[in-house]
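Numbering (the numbering used here), first residue to last: 1149 to 1527.
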């Protein structure tokens, strides 16, 4: 049996192929360019060739591909997109057309465009994964799939994307009070989580269940599997991502606090201030939101902590080096020996809860109960 977990970030997509019943250290892994980086490169190549471009497919992560699309238009070259693909840039399609200059075309009209290069958009490309693994003699046939993406959600008109995103985080905590609350079976994805919906759409027909989860909680959940995270019952676990930094305060009352900010708008000093304020309960939503972050939330009545004596600081994420020399002396999490796969390990842990039919073998792998087995023993 195979379990496939894919954590899709801004810089990389991290891929774990696990055979439950086999130790996680022996799972097969790939760390490859993210989908938005792949589309960015294809757009840049079309710009150099002076070609018009049609973007088709579904909504996906923006950032690098968005910037490449703007560069293409600034070069005076035509860029068309189907409505679903155009939502990669903004949920407001009038804005995409008016402000960016993208030409919107209906899917049934796209075939009538001549002299353009078509670039399909998708965050999750299962056929590409099958081809890549086939080159190494592996036949991809997962019994279940889990995918993590960062989803701002489709905010209503006149509502801040940042506020809408943080309202989702806070509501999941208040309803469920556990990190796995940020994972959803494909049939249960909230209608507002349009990027997750797009992944489910592009996954097509699978032979087993599909689980979607937000990237930052997945990474934090994975980091919590580092043995150092069990040394104290209280932790601040921060995921310092390429675009976003999210930190959870975890203690006797479950999720006791959280903040999320844009990594590019903070430095080490500012991040230390935020973490200390989350620990001592002085951090406010207004402070983070007015600083152009998403926000902060603290459970009423939780006590102040001192990092070190009272609580561990655990850090993961591709930009965790921001805190490597910090006076806060964080532990740089390496769950199962691989920091870059923290999000995938979190996905696997979430699958054990949301897919109870697979829980027993998944939990055995997470607990290291099969560490004496080698890969060829399961073939």
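Here a beta-carbon is modelled for each residue, glycine too, at the ideal position from N, C-alpha and C.
Non-local C-beta neighbours of residue 1347 in its own chain, meaning closer than 7 Å and more than five positions away in sequence, comprise 1271, 1272, 1295, 1297 and 1360, ordered along the chain.
Residue pairing from DSSP leaves residue 1420 without any beta-bridge partner.
Around the beta carbon of residue 1319, a 10 Å sphere encloses fewer than 16 other beta carbons of the protein chains shown; the residue is thus reported as exposed. Annotated three-state conformation of residue 1230 is coil, per DSSP.
DSSP links residue 1387 through a beta bridge to 1394 and 1464. Cα atoms of residue 1449 and residue 1428: separation of roughly 12 Å, rounded to the nearest angstrom. Burial check for residue 1301: the Cβ neighbour count within 10 Å reaches 16 or more, so the residue is buried. The residues 1442 and 1443, in chain order, have a CB closer than 6 Å to that of residue 1314 in the same chain once the five nearest residues on each side in sequence are set aside.
One Cα belongs to residue 1408, the other to residue 1260, and the distance between them is close to 44 Å. Annotation for residue 1435: 1425 and 1444 place their beta carbon closer than 8 Å to its own, counting only its chain and skipping 5 residues before and after. Listed in chain order, the non-local C-beta contacts of residue 1423 below 8 Å within the same chain comprise 1384, 1386, 1395, 1455, 1461 and 1476, local neighbours out to five positions each way being set aside.
In this structure, DSSP gives residue 1407 an extended state, which the three-state scheme calls strand. Per DSSP, residue 1332 lies in no alpha helix (DSSP H) segment; the continuous beta strand (DSSP E) that holds it begins and ends at 1331–1333.
Taking each of 1459, 1489, 1293 and 1182 in turn and checking the Cα distance to residue 1355, the smallest one comes out for 1293. Under DSSP, residue 1181 shares a beta bridge with 1160. Linking residue 1323 to residue 1194 through their CA atoms gives a straight-line distance of about 47 Å. Under the DSSP assignment, residue 1219 falls in the alpha helix (DSSP H) whose first and last residues are 1212–1222. Assignment of alpha helix (DSSP H) within the segment 1346–1388, counting only whole runs of 4 or more residues, yields 1363–1371 in chain order. Contact between residue 1447 and residue 1405 holds: CB atoms are separated by about 6 Å, below the 8 Å threshold. Residue 1500 sits in a helix when the DSSP states are folded into three classes.
No Cβ-Cβ contact shorter than 8 Å links residue 1225 with residue 1188. Secondary-structure assignment with DSSP links residue 1203 through a beta bridge to 1229 and 1267.
Counting along the chain, no alpha helix (DSSP H) covers residue 1446; the unbroken beta strand (DSSP E) around it starts and ends at 1443–1446. Shown here, residue 1167 sits in coil according to DSSP, grouped into three states, outside any helix or strand. Proximity of the segment 1475–1495 to the segment 1364–1371 meets the contact definition, three or more beta-carbon pairs being nearer than 8 Å. For residue 1479, the three-state secondary structure derived from DSSP is strand.
DSSP places residue 1296 inside the beta strand (DSSP E), whose first and last residues are 1292–1297. No residue range can be given for residue 1457, since it is assigned to no alpha helix (DSSP H) and is classified by DSSP as neither H nor E. Counted as a single uninterrupted DSSP element, the alpha helix (DSSP H) harbouring residue 1274 occupies residues 1274–1282. When rounded, the separation of the alpha-carbon atoms in residue 1397 and residue 1382 is 8 Å. Between the segment 1197–1215 and the segment 1229–1245 there are three or more C-beta pairs closer than 8 Å, enough to call the two in contact. Its Cα nearest to that of residue 1363, the residue 1155 stands out among 1149, 1155, 1151 and 1150.
Residue 1168 and residue 1502 have their C-alpha atoms some 16 Å from each other. Annotated as distal: residue 1206 and residue 1334, with beta-carbon spacing of 8 Å or more. The C-beta separation of residue 1470 from residue 1419 comes to about 6 Å, placing the pair in contact by the 8 Å criterion.
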